[in-house]
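Position one of the sequence shown corresponds to residue 14 (this note's numbering), numbered consecutively onward. Note that beta-carbon positions come from the ideal geometry of N, C-alpha and C, so glycine has one too. Report on one structure; see the data block that follows.
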Amino acid sequence: MSTTVPPADTPAATASDGSEQLLARIIASLEDDKAEDIVTIDLRGRSAMADHMVIASGRNSRQVASIADKLVERLKAQTGRGARIEGKDTGDWVLIDTDEVIVHVFRPEVREFYQLEKMWMPADALASLRADAARDDAGRDGAGRTLAQ
């Protein structure tokens, strides 16, 4: 499941079709590779570095690197465009830069440490995301497994 943070209320918050289509391709790739806790943050009107930021987690370093590799391969095959990638060697935090969309794939512990969502999300959207996470966690045991109802 992915969570989307709405754009800032500014005139610059009009979406380009290209970045929206690219964002959809990225989310589909992440979901196909079982990335967890996918969050999209609309940066239009808030930052010139990209239109969107996507943050996701992999269960371990190997999955993080694999998610990033497959995403870059799929984007190249689907759009003919490459992406810049950093951090794949360690697999703790991989950044994929497509110009319009910045993707961060983390190991859960590293994501918790850096808390990019907290830095980039509006306060009301962050509170909503935390409430959703608390509801999700209420039905799970300490290892993240869903409890029988």
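Length of the line joining the Cα atoms of residue i and residue j
i    : j    : result
R94  : V123 : 29 Å
D110 : A144 : 30 Å
D55  : M66  : 7 Å
A69  : S141 : 17 Å
G71  : A78  : 9 Å
R148 : Q34  : 31 Å
K193 : A146 : The chain is shown from 14 up to 162; residue 193 falls before or after that span and cannot be answered.
M134 : Q76  : 26 Å
Neighbourhood of residue i by C-beta, 6 Å cutoff - its chain only, sequence neighbours within 5 removed
i    : result
W106 : G100, F119, V123
K83  : D46
Same chain, Cβ closer than 8 Å to residue i, five either side skipped, listed in chain order
i    : result
Q91  : R38
R87  : R38, S42
L129 : M66, I68, H117
I40  : S15, I51, T53, V67
M62  : L56, I115
Whole-number beta carbon distance between residue j and residue i, since they are thought to touch under 8 Å
i    : j   : result
V114 : S60 : Not a contact, Cβ separation roughly 12 Å.
T53  : S74 : At roughly 23 Å, the Cβ-Cβ gap does not stay under 8 Å, so T53 and S74 are not in contact.
I80  : A48 : 5 Å
Close Cβ partners of residue i (< 7 Å) along its chain, the five nearest in sequence each way excluded
i   : result
A96 : V85, L88, I109, D110, T111
Endpoints, the alpha helix (DSSP H) within which residue i is located
i    : result
M132 : 129-133
Any chance you could list the alpha helix (DSSP H) runs of at least 4 consecutive residues sitting entirely within the stretch 36-109, in chain order?
-> Listed in chain order, the complete alpha helix (DSSP H) runs (minimum 4 residues) inside the stretch 36-109 are 74-92.
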